[in-house]
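Per our numbering: the sequence shown = residues 19 to 315.
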Amino acid sequence: MQIDIAIIGGSYAGLSAALQLARARRQVLVVDAGQRRNRFVDAAGGSAHGFLTRDGSTPASIAAEAKRQLMLYPTVRWLDGLADEARVEADGRFSFDVAGHRVGAAHLILATGVRDELPPVPGLAERWGQSVFHCPYCHGYELGGGPIGIVAASPLAQHHGLMLPDWGPTTLFLNDAYVPTDEERAALARRGTQIEPTPIARIEGSADVVLQDGRTLSMNGLFTQSRTHVSSPVARQLGCAFEEGPMGLFVKVDAMQQTSVTNVFACGDAARMAGNVALAVADGALAGVAAHRATMG
Ligand SMILES: Cc1cc2nc3c(=O)[nH]c(=O)nc-3n(C[C@H](O)[C@H](O)[C@H](O)COP(=O)(O)OP(=O)(O)OC[C@H]3O[C@@H](n4cnc5c(N)ncnc54)[C@H](O)[C@@H]3O)c2cc1C
C-alpha cells in the first residue's frame, strides 16, 4: 500500500494531525494500536480533565468523537494495528509493516505516545488512573481537598511535594527512592508538606498506604513520578534523534514538529518532555500543517 502521508498513532495527537491534512484534501493513512496512555482512567470509570469543552468527559469518548468527525473526510483511511519494522528506503520514502500490509509513505507523522513505568510498590499499578496519578492538573481537583500522598520514585518527588499542597494537605512518602537536601526539606516545610521516611509495604483500599512499620495512612489519592518510554520502536528504527527529559527520553523535534529525519514529524507525548490532551492536540495540529507544507516540496 502506497500513501502520501502516514500517521502512526491514532489518539489525540495523531487525530489532530490527520484532521488538518484531511481538510487540505490530502490522502492520509492513520494506523493505531488502540493503547492510549490514559486508557486506565476509562477502565476505572473515571474522567479526563483540563481539555476545553470536554472537561469531565471520558478519555475514550473524546478520542471516539474526534475519530468520528475525522472519518467523515473521504481522503482518510484507517488501519487498526501496530506499525513495526520501519525503515527509510533508498529513494527517501518510508515503509513499515502493519496488519499484514507493507505500507510505503512519502511523509510520516509519529504520534505514538508514551508508556508509564511505575515504581514497584505492591498495589500501586492496579490503582493507576483510579486513585494513583502523575498529573495534579488532571486529577488533583477531584480529590476533594485531600489528604494527598506522594509516592516518591525519583527526585521529581520534590516538585510534586511543592505543588500538591495547592490540592490538599500533602504527605511525601520517601520510600527509599529519594533523599531531600536540607534546603529541599525547608522548602517542603514552608509549603506544609509532611515527610514520611518509613518505606511503604503496600497500597490497600482506594489509597491507603501501609508502611513497613505497620502503620496505615489513608489518603484520598496518590501521585507518583512515572518514568516514561516512547511507546514504539518506530522512531528509533527510522534513526530519529532523542532528547533526555526529567521523565525519560522523547523524540527530538524542532518548532514545526520536524524530527532529525527529513519528512518525519512527531507530536504529542512521544515528542515532548511532559504532555496532556490539550498539548497533544496542539502539537498534532502543527505536525499536520508542517507535513502538508513538506508535501509541496
Ligand atoms: C493515568 C493517566 C491519566 C491522565 N489523565 C489526563 C487528563 O485528565 N487530562 C489530560 O489532558 N491528560 C491526561 N493524561 C495524559 C494523556 O493521556 C496524554 O497526554 C495523551 O494521551 C497524549 O496523547 P498522544 O496522542 O500523544 O498519545 P496517546 O494518547 O498515548 O496515544 C498514542 C497512540 O498511538 C498508538 N501507537 C503507539 N505505537 C504505535 C505503533 N507502532 N503503531 C500503531 N499505533 C501505535 C497507541 O496504541 C495509542 O493509541 C493522563 C495520563 C495518564 C497516564
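No residue lacks a Cβ here, since even glycine has one placed at the ideal position from N, Cα and C.
Being a predicted model, the structure only gives us computed values, none of them experimental.
{"Query": "Under DSSP, the alpha helix (DSSP H) around Ser-79 begins and ends at which residues?", "Result": "77 to 88"}
{"Query": "Going straight from the alpha carbon of Gly-99 to that of Gln-53, what length do you get?", "Result": "10 Å"}
{"Query": "For ligand 1, I want to know if Leu-182 counts as a neighbour, meaning its beta carbon is within less than 6 Å of at least one of the ligand's heavy atoms.", "Result": "no"}
{"Query": "Since Val-94 and Val-48 should fall inside the 8 Å C-beta cutoff, what is the C-beta to C-beta distance between them, to a whole number of angstroms?", "Result": "7 Å"}
{"Query": "When we look at the beta-carbon of Gly-32 and count the other beta-carbons within 10 Å, is it buried (16 or more) or exposed?", "Result": "buried"}
{"Query": "Per DSSP, what are the beta-bridge partners of Ile-229 in this structure?", "Result": "The sequence given here has Leu at residue 229, not Ile. Paired residue(s): Ile-218."}
{"Query": "Can you look up Asp-115 in the DSSP assignment and give me helix, strand or coil?", "Result": "strand"}
{"Query": "How is the alpha helix (DSSP H) around His-178 delimited, first residue to last?", "Result": "175 to 181"}
{"Query": "Taking C-beta to C-beta, are Lys-270 and Glu-262 nearer than 7 Å?", "Result": "no"}
{"Query": "Between the Cα of His-177 and those of Met-89, Ala-205, Cys-156, spot the shortest distance and give me the residue it belongs to.", "Result": "Ala-205"}
{"Query": "Evaluate contact between the stretch 279 to 294 and the stretch 124 to 135, counting only Cβ atoms and requiring at least three cross-stretch pairs below 8 Å.", "Result": "yes"}
{"Query": "Taking the DSSP output, what are the residues bridged to His-247?", "Result": "Arg-133"}
{"Query": "Please classify Pro-92 as buried or exposed, where buried requires at least 16 neighbouring CB atoms within 10 angstroms.", "Result": "exposed"}
{"Query": "What would DSSP say about Gly-32, mapped onto helix, strand or coil?", "Result": "helix"}
{"Query": "Do Ala-303 and Ser-34 count as a contact pair if the criterion is CB distance below 7 Å?", "Result": "yes"}
{"Query": "Could you check if Phe-69 belongs to the surroundings of ligand 1, using beta carbon to heavy atom distance under 6 Å?", "Result": "yes"}
{"Query": "Buried or exposed: Arg-44, going by 16 or more other Cβ atoms within 10 Å of its Cβ?", "Result": "buried"}
{"Query": "Could you tell me if the beta carbon of Asp-194 falls within a distance shorter than 6 Å of some heavy atom in ligand 1?", "Result": "no"}
{"Query": "Can you grab the Cα-Cα spacing for the pair Gln-243 / Gly-315, in whole Å?", "Result": "42 Å"}
{"Query": "Hey, which unbroken runs of the beta strand (DSSP E) at 3 residues or more fall wholly within the stretch 258 to 290?", "Result": "260 to 262, 267 to 269, 282 to 284"}
{"Query": "Can you tell me where the beta strand (DSSP E) with Val-295 in it begins and where it stops?", "Result": "Counting along the chain, Val-295 falls outside any beta strand (DSSP E), though it belongs to the alpha helix (DSSP H) covering 295 to 312."}
{"Query": "Can you find a heavy atom of ligand 1 that lies under 6 Å from the Cβ of Asp-50?", "Result": "yes"}
{"Query": "At what residues does the beta strand (DSSP E) containing Leu-47 begin and finish?", "Result": "46 to 50"}
{"Query": "Where does Gly-306 land, buried or exposed, given buried means 16+ other C-beta within 10 angstroms?", "Result": "buried"}
{"Query": "Within 10 angstroms of the Cβ of Pro-77, are there 16 or more other Cβ atoms? Answer buried if so, exposed if not.", "Result": "buried"}
{"Query": "Look up Leu-190 in the DSSP assignment and give the residues it is bridged to.", "Result": "Ile-168, Ile-213"}
{"Query": "Which one of Ala-62, Val-59, Leu-97 has the shortest CA to CA distance from Ile-25?", "Result": "Leu-97"}
{"Query": "Could you check what DSSP says for Arg-145 in three-state terms: helix, strand or coil?", "Result": "helix"}
{"Query": "For the alpha helix (DSSP H) that Val-139 lies in, which residues bound it at each end?", "Result": "Element bounds for Val-139: n/a, residue is neither H nor E."}
{"Query": "State the Cα-Cα distance for the pair Ala-253 and Ile-166, rounded to the nearest angstrom.", "Result": "37 Å"}
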